[in-house]
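Engineer: Going by my numbering, the first residue of the sequence shown is number 1275, and it counts up by one from there. My questions will all concern the structure given below.
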Amino acid sequence: MNRRSLAIAILVVLLLAIPLVVTSTYHMRIVNLALVFGLLAVSLNIVLGYTGQVALGHSGFFGIGAYTAALITEGGSGLLFWPGFLAAGIVTGIAGLAIGIPALRLRGHYLALATLGFGEIMRHVFFNWREVTRGMDGISGIPAPSIGIVELQGEGSYFYLALAILALAVLFCWRLQASKYGRMLAAIRDAELAAGTSGVNVARLKIAAFFISAVLAGFSGSLYAHLIRFISPDAFTFFEVTAPVLSMVIIGGVGTLIGPVLGAVVLTFLPELLRVSDAYYQLIYGAGLAAMVIFLPMGLLGALHGRLFGLFRPRAPASPASAGPPPEESAEAPDMVRAAALLSPKGGIGTGAVFEARGLTCRFGGLVAIDALDLQIQAGTVHALIGPNGSGKSTFINLATGIYQPTQGSIRFLGQEVAGARPWKVAAAGLARTFQNLRLFRSMTVRGNVLVAAVADRPAGWFETLLSLARSRAEEADLHARTEQALRLLGLWHLRDQLIRTLPHEQQRLVEIARAVAMRPRLLMLDEPAAGMNPVEVERLVTAIGRLRELGITILLIEHNVPLVMRLADRVTVLNFGRKIAEGEPDAVREEPEVVTAYLGQRLSDRLRQNNAA
């Protein structure tokens, strides 16, 4: 038995022994409340920690779950706990969808305010819908849960029920974090725009996270109703539920697996421990919370990173090459045959035009960023798009990849109209990109960044993935194999397990390209990939682009390094103030008077001519 398994076994034994050690009914009630609020904190952490969305409406979900369970079981047998428990999760999940679908169009403080408003609306519903909720009279007669003929009347027996449900929720979250969906949620949290252009369906994943969060909050509400056995509206306010639970997640460790549970235990027991000082209770409690936030910015679990966190964070599924080659292997040329087998564009290389823009125009108020642009990119070529700063180059890529919507005009990719399509749909069609300003998933390793975008031939669904069925395992092995080849292609395999934020600028640029290559695109748009690179690093970039051409990937290159452009490009388009001023082969474009005047200058044009002659 390894250290991790031994630690988990010891923890399980200690938890199971709690009712044998804690003999006070009052203290066991506090323990049970900690478990209930631990489950609620876990539910909030899915939205806040996994996807980075600030939601403040969990008091409403908690109340919906409690009232649903109470109305089903009121005055009945404890056996009704189970249908009431399931109904609480389902009804709350439906409420989560009803709120999440429109609310998640918002971001940041707008989303926080919208969900806060939902929580307040539900409090008023609980208070005023007396025919159903009994208003401030509340609902009593909620039975203790039963398992068969055994009624869980005591606090000790209820503890095991609540602990089992919380353990299942944590296990579910562990599987979610360790899966491809967990990587996608983390990508949304770290860089939502890059996640969308990497093929992650941002809208669907956000809604799924909101739904799962609401279901778990509903389960927590059901447990609360059967623990207290009486509910009334004043138990489901922002200050009674959302604010404390938000504190639990932050204090325990946002985005960690068991941090929210740890925060729930601490913040449930802390007020009880401080009641010995009636006069200074609130002052000490507030100062303690502030100190935790200031001195433990990563939460309690972050403070134990070296020990406890290492035991309970999810392990990435093992890849066939997890042992890895020695670092020096990264200097060797990649196996292009294997790379072609795993990374060649989906649907083949093709011939003719892969991309065509007609009359493309984009206006921001009175500013015309792109002015009636016609542009065609032929399969298998490197097509360069150059021009002065502010000429509309990055705007063009944003239009092509669905980030901006065109004012007018047409964008066709592989014969299909993509103007106005969402970024992940454009990415799924086979159009990938990098960014002028790096947009990487900062909390992940190099391998994790590329895995997010990797595409398998037979993707598994939610059910198969969360249960780790055979199809899911096969898909994960496929994703790891493609990720390995993308990293080897860019000379990054020896850095696969390093956190992305620890790498120098050039290697981060290459990781972004590797992430795009793992999507197996037909067309790759590189937005100033050589920015900030020295001549040696530029040479490595040239080698990398050469390998991409060998795979059959068509490339649109935006770059201010004109000698590099003239060296790599088969065709060059020049923009100025959003308007195309020249297009053709590099040598011909270099001589265009308007290009010389607007962008190159006579000195650079002469130097390029001399280099070409040499």
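Every residue, glycine too, gets a C-beta built ideally from N, C-alpha and C.
Going by C-alpha to C-alpha distance, which of Trp1356, Ile1855 and Gln1710 sits closest to Gly1806?
Structural biologist: Gln1710
Engineer: The beta strand (DSSP E) that contains His1657, what's its start and end?
Structural biologist: Val1656 to Ile1660
Engineer: Could you pull out every unbroken alpha helix (DSSP H) segment of at least 4 residues lying fully inside the stretch 1826-1860, listed in chain order?
Structural biologist: Correct list: 1836-1842.
Engineer: Which same chain residues, not among the five before or five after Ala1344, have their C-beta less than 7 Å away from its C-beta?
Structural biologist: Excluding sequence neighbours, Ala1344 sits near Ile1413, Ile1416, Ala1499 and Ile1505.
Engineer: Report the three-state DSSP secondary structure of Ala1631 (helix, strand or coil).
Structural biologist: strand
Engineer: Please report the distance separating the alpha-carbon of Arg1278 from that of Leu1459.
Structural biologist: 26 Å
Engineer: Start and end of the alpha helix (DSSP H) containing Phe1493?
Structural biologist: For Phe1493, the enclosing alpha helix (DSSP H) begins and ends at Val1476 to Ile1502.
Engineer: Given Gly1264, which residues of its chain have a CB within under 6 Å of its CB, disregarding the five upstream and five downstream residues?
Structural biologist: Summary: the structure shown does not reach residue 1264, with the chain confined to residues 1275 through 1888, and so no result is reported for it.
Engineer: Label Val1217 either buried or exposed according to how many other C-beta atoms from any shown protein chain fall within 10 Å of its C-beta, with 16 as the threshold for buried.
Structural biologist: It is not possible to answer for residue 1217, since the shown part of the chain is limited to 1275 through 1888.
Engineer: Would you report the Cα separation of Ile1439 and Ile1368, rounded to the nearest angstrom?
Structural biologist: 21 Å
Engineer: So what does DSSP say about Thr1719, is it helix, strand or coil?
Structural biologist: DSSP, read as helix, strand or coil, puts Thr1719 in strand.
Engineer: If you drop the 5 nearest sequence neighbours on each side, which residues of the same chain put their C-beta closer than 7 Å to that of Thr1890?
Structural biologist: This structure cannot settle anything about residue 1890, because the visible part of the chain is limited to 1275 through 1888.
Engineer: So does the stretch 1766-1776 actually touch the stretch 1677-1688, counting three or more Cβ pairs closer than 8 Å?
Structural biologist: no
Engineer: For a test of the three-state rule: what should DSSP assign to Phe1687, helix, strand or coil?
Structural biologist: strand
Engineer: Taking the straight line between their C-alpha atoms, what separation do you get for Leu1585 and Cys1636?
Structural biologist: Model confidence at Leu1585 stands at a pLDDT of 48, short of 50, so the residue's coordinates are unreliable; what they give is reported in the following sentence. Their Cα atoms are separated by approximately 52 Å.
Engineer: With distances taken from CA atoms, which of Trp1403, Val1523 and Ile1481 is nearest Ala1308?
Structural biologist: Of Trp1403, Val1523 and Ile1481, the residue nearest in Cα terms is Val1523.
Engineer: Measure the beta-carbon distance from Gly1339 to Trp1698 and round it to whole angstroms, keeping in mind my assumption that it falls under 8 Å.
Structural biologist: Not a contact, Cβ separation roughly 32 Å.
Engineer: Along the chain, where does the alpha helix (DSSP H) that runs through Asp1609 open and close?
Structural biologist: Neither: Asp1609 is in no alpha helix (DSSP H) and is coded neither H nor E.
Engineer: Report buried or exposed for Leu1288, applying the criterion of at least 16 other Cβ atoms within 10 angstroms of its Cβ.
Structural biologist: exposed
Engineer: Mind checking who Ala1706 pairs with in its DSSP beta bridge?
Structural biologist: Leu1798, per the DSSP bridge assignment.
Engineer: By DSSP's criteria, Cys1636 is part of a beta bridge. Which residues make up the other side?
Structural biologist: Ile1644
Engineer: Within the same chain, show all residues whose beta-carbon is closer than 7 Å to that of Ser1717, passing over the 5 residues directly before and after it, in chain order.
Structural biologist: Contacts found: Ala1460 and Asp1464.
Engineer: Name the two residues that bound the continuous alpha helix (DSSP H) containing Glu1405.
Structural biologist: Arg1404 to Thr1407
Engineer: Kindly indicate the opening and closing residues of the alpha helix (DSSP H) around Tyr1455.
Structural biologist: Lys1454 to Asp1464
Engineer: What residues in its chain sit with their C-beta under 7 Å from that of Gly1430, if we drop five residues either side in the sequence?
Structural biologist: Pro1293 and Met1302
Engineer: Which partner residues does Leu1380 have in the DSSP bridge list?
Structural biologist: Answer is none; Leu1380 lacks a bridge partner.
Engineer: Give, in chain order, every unbroken run of the alpha helix (DSSP H) that is at least 4 residues long and sits entirely within the stretch 1734-1762.
Structural biologist: 1736-1740
Engineer: State buried or exposed for Met1410, treating a residue as buried only when at least 16 other CB atoms are found within 10 Å of its CB.
Structural biologist: Within 10 angstroms of the beta-carbon of Met1410 lie fewer than 16 other beta-carbons, which makes it exposed.
Engineer: Given this structure, state the Cα-to-Cα distance separating Leu1634 from Asn1402, to the nearest angstrom.
Structural biologist: 55 Å
Engineer: Can you tell me which residues form a DSSP beta bridge with Glu1866?
Structural biologist: Paired residues: none, contrary to the question.
Engineer: Which of the three DSSP states is assigned to Leu1435 in this structure?
Structural biologist: helix
Engineer: Once DSSP output is grouped into helix, strand and coil, what is the label at Glu1394?
Structural biologist: helix
Engineer: Three Cβ pairs or more, each shorter than 8 Å: is that satisfied between the stretch 1815-1835 and the stretch 1783-1802?
Structural biologist: yes
Engineer: Would the beta-carbon of Pro1662 be found less than 7 Å away from any heavy atom of the ligand MG?
Structural biologist: This structure lacks the ligand MG; in fact it carries no ligand of any kind.
Engineer: Report the option in Ala1734, Asn1276 and Gly1349 whose CA atom is closest to the CA atom of Arg1745.
Structural biologist: Ala1734
Engineer: Could you tell me whether the stretch 1721-1740 touches the stretch 1502-1518, where touching means 3 or more Cβ pairs closer than 8 Å?
Structural biologist: no
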